[in-house]
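S.K.:
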Amino acid sequence: MNPFIDEKGLIRVGGRLRQSDIDLCGRHPIILPQDNHISRLIIDHVHRQVQHQGKQLTLSNVRANGYWIMGVHDMVRSILHKCAICRRLRAKPLTQLMADLPSDRTEKTPPFTNVGMDVFGPWAIASRKTRAGTSEAKRWAVIFVCLYTTAVYIEVIDSMDTSSFINALRRFIAIRGNIKKLRCDQGTNFIGAKNELQAAAKELDQDCIKKFLTTRDCEWTFNPPHASHFGGIWERQIGTIRRVLDSMHYQLGKQQYTHDLLTTLMAEASAIVNSRPITTVSSDANDPQALTPNMLLTMKTQSPTPPQGSFVQQDIYSRKRWRRVQYLADQFWIRWRKEYLQSRQPRPKWNKSTINVKEGDVVLLREKEYARNSWPLARIVKVYPSDDNKVRKVDVMIYKDGEHRTYLRPISELVLIESTN
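So the sequence shown is numbered by the working numbering: it starts at 483 and just counts up by one.
Structure, rendered in structure tokens:
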């Protein structure tokens, strides 16, 4: 840079612009050291002048103001990263390393022993004929997804009250057997995103439903609100079923649904989804057929666990039919462990550990229905570490409508503004 000292004792860049007609600061910027307090004050001042714009605009204005700061790229990046206003305007929501699969998704149990559940809809149906045409009503669907085999089961309900929901649970248990653990979302995620479902959710008496499940030795576990990725295994199946129903509806034309038609379509959609391969489909004709949930559903028994014992290949020729069936069942489970369960090993995203948030951290609470400038500031009052000591859900406190309110939220709904040391 061919530096020189001017008449005021300042070190300036000599450079190659001595003959240009620009001013002195443009031809010979003042050289400042890296990680210096004066350098930081200048960058912070320029950053405020450009109204908290990005790195390149801040950097160019520092040079335009006649300052050549050593290591300025790293300093600008550091100052923008610590700027609370920039975080509030542009910082990304928090992420954490993808959690391990819970035990109820890896333990060997009969299908639909551990279940994930959600409600989706509604659909308008023709309930009865009138002189003026037809009277419309609404129907919802309760989806039950086996956490072990990913098989699905759908029940259609005519209202979102407690009685209809418990009756759907009773029909499901009567057909598929008792449930050991039931997982679902809560809040708006439990009943979907539509306004009709949000209003209908207030009619659900969760204490009554929990009492019904407790009498059947079923544990009911809620995911945090606004955390659909906590229940990705059943949220994904809802999307699949919607695509199947869209295709069926397109083929049926514009005719209106009836309760009988909707129930039939749901059953056919379940059959299609349960016939999907859950392992890699090989192009080699000699390889066994890819596993599907329907293959595993046929092994459902009344007992809570498969019969104990050792079953070998010779049992397929045994006169005792139950030994032949159990040998074939064991082959399906062996393939499930080797082909499907091993495919769940890698983390497709969220594969880096980040620093855990702590109690007292100031965050921005994301509210998707509002503009980002309207998102409220919140303070973390409690953290919930997982088994691997990673924090993925917290209690946050905000000041709203003249009072302090506390909400349970996943960290994906938070933007870190200020961290406590």
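Cβ coordinates follow ideal geometry from the N, Cα and C atoms, glycine included. If you're wondering where the values come from, they're calculated on a predicted model, not measured in any experiment.
With the cut-off set at 7 angstroms, would you say Ile513 and Ile487 are in Cβ contact?
M.R.: By one-based count along the sequence shown, residue 513 stands at place 31. By one-based count along the sequence shown, residue 487 stands at place 5. Result no, Cβ atoms of Ile513 and Ile487 do not sit closer than 7 angstroms.
S.K.: Restricting to Cα atoms, I'd like to know which of Ala860, Pro511, Ser646, Asn776 is closest to Pro485.
M.R.: If you number the sequence shown from 1, residue 485 lands on position 3. Cα-wise, what sits closest to Pro485 is Pro511.
S.K.: Between Ala749, Asp503, Leu890, which has its C-alpha nearest Val638's C-alpha?
M.R.: Start at 1 with the first residue of the sequence shown, and residue 638 comes out as number 156. Checking every option, the nearest Cα to that of Val638 belongs to Ala749.
S.K.: Could you compute how far the alpha carbon of Ser710 sits from the alpha carbon of Cys700?
M.R.: Numbered from 1 along the sequence shown, position 228 holds the residue referred to as residue 710. Numbered from 1 along the sequence shown, position 218 holds the residue referred to as residue 700. Straight-line Cα distance between these residues: approximately 22 angstroms.
S.K.: Would you list the one or two residues that DSSP bridges to Lys693?
M.R.: Numbered from its first residue, the sequence shown carries residue 693 at position 211. According to DSSP, Lys693 bridges with nothing at all.
S.K.: Could you pull the start and end residues of the alpha helix (DSSP H) that Pro775 belongs to?
M.R.: Residue mapping note: residue 775 aligns to position 293 of the sequence shown, counting from 1. Here the alpha helix (DSSP H) through Pro775 covers 775-779.
S.K.: Mind checking Ser894: buried by the 16 CB within 10 Å criterion, or exposed?
M.R.: Along the sequence shown, one-based indexing puts residue 894 at 412. By the 10 Å Cβ count, Ser894 comes out buried.
S.K.: To the nearest whole angstrom, what separates the beta carbons of Leu847 and Ile880, a pair I think is in contact under 8 angstroms?
M.R.: The residue labelled residue 847 in the question sits at position 365 within the sequence shown. The residue labelled residue 880 in the question sits at position 398 within the sequence shown. The pair is a contact, with the Cβ atoms about 6 angstroms apart (cut-off 8 angstroms).
S.K.: Distance check for Gly497 and Val554, CA to CA, integer angstroms please.
M.R.: Within the sequence shown, numbered from 1, the residue matching residue 554 stands at position 72. Within the sequence shown, numbered from 1, the residue matching residue 497 stands at position 15. If you take the alpha carbons of Val554 and Gly497, they lie about 18 angstroms apart.
S.K.: Evaluate Gly674 with the Cβ neighbour count: other Cβ atoms within 10 Å of its Cβ, from every protein chain shown; 16 or more gives buried, anything less gives exposed.
M.R.: Translated into positions along the sequence shown, residue 674 becomes position 192. Residue placement at Gly674 is poorly supported in this model, since its pLDDT is 38, which falls under 50; the coordinates still yield a value, given next. When all chains shown are included, Gly674 counts as buried.
S.K.: Can you find the residues in the same chain that come closer than 8 angstroms, C-beta to C-beta, to Ile520, ignoring five residues on each side of it along the sequence?
M.R.: Taking the sequence shown and counting its residues from 1, one reaches residue 520 at position 38. Cβ neighbours of Ile520 beyond the five flanking positions: Leu514.
S.K.: Rank Asn518, Leu571, Arg545 by C-alpha distance to the C-alpha of Gln533 and give the top, closest one.
M.R.: Numbered from 1 along the sequence shown, position 51 holds the residue referred to as residue 533. Checked all of Asn518, Leu571, Arg545; the closest Cα to Gln533 is Leu571.
S.K.: Just to confirm the assignment: which complete alpha helix (DSSP H) runs, minimum length 4, are found wholly within the segment 586-613?
M.R.: Counting only runs of 4 or more, we get nothing.
S.K.: Sort Phe712, Ile760, Arg861 by Cα distance to Gly598 and report the nearest one.
M.R.: Sequence index remark: in the sequence shown, residue 598 carries index 116 (1-based). Among Phe712, Ile760, Arg861, the Cα nearest to that of Gly598 is on Phe712.
S.K.: What are the boundary residues of the alpha helix (DSSP H) that includes Leu890?
M.R.: What you label residue 890 is simply residue 408 of the sequence shown in a count that begins at 1. Run containing Leu890: none in the alpha helix (DSSP H); it sits in the beta strand (DSSP E), 885-892.
S.K.: For Trp832 and Asn596, what's the separation of their Cα atoms in angstroms?
M.R.: Within the sequence shown, numbered from 1, the residue matching residue 832 stands at position 350. Within the sequence shown, numbered from 1, the residue matching residue 596 stands at position 114. Spanning the two alpha carbons is a distance of roughly 25 angstroms.
S.K.: Could you say which of Asn776, Pro775, Leu859, Thr902 lies nearest to Asn838 if we only look at CA atoms?
M.R.: Position 356 of the sequence shown holds residue 838. Closest option to Asn838, Cα to Cα, is Thr902.
S.K.: Using the three-state DSSP reduction, which class does Glu750 fall into: helix, strand or coil?
M.R.: As a working note, residue 750 is residue 268 in the sequence shown. It is helical.
S.K.: Near Asp526, what residues of its chain come up, given a Cβ to Cβ distance below 7 angstroms and the 5 sequence neighbours on each side ignored?
M.R.: Sequence index remark: in the sequence shown, residue 526 carries index 44 (1-based). Non-local C-beta neighbours of Asp526 in its own chain, meaning closer than 7 angstroms and more than five positions away in sequence, comprise Ile561, ordered along the chain.
S.K.: Quick one: grab the DSSP three-state call for Ile561.
M.R.: Working through the sequence shown from its first residue, we reach residue 561 at position 79. In the three-state DSSP reduction, Ile561 falls in the helix class (H, G or I).
S.K.: State the beta-bridge partners of Asp513 as determined by DSSP.
M.R.: Position 31 of the sequence shown, counting from 1, holds the residue named residue 513. Reading the sequence as shown, one finds Ile at residue 513 and not Asp. Trp550.
S.K.: Provide the residue(s) that pair with Ile493 in DSSP beta bridges, ordered along the chain.
M.R.: For the purposes of this step, residue 493 is taken as the residue at position 11 of the sequence shown. In DSSP, Ile493 forms a bridge with Ile487.
S.K.: Can you tell me which of the three DSSP states Glu900 falls into?
M.R.: Reading the sequence shown from its first residue, position 418 is the one you call residue 900. Three-state result, Glu900: strand.
S.K.: Could you name the residues of the same chain whose beta carbon sits closer than 6 angstroms to that of Val794, not counting the 5 residues immediately before and after it, in chain order?
M.R.: Mapped onto the sequence shown, residue 794 falls at position 312. Reliability fails at Val794, whose pLDDT of 48 lies under 50, so the model's placement of it is uncertain and no value is given.
S.K.: Do the segment 599-613 and the segment 849-858 touch if we need at least three Cβ pairs shorter than 8 angstroms?
M.R.: Because the criterion of three Cβ pairs below 8 angstroms is not met, the segment 599-613 and the segment 849-858 do not touch.
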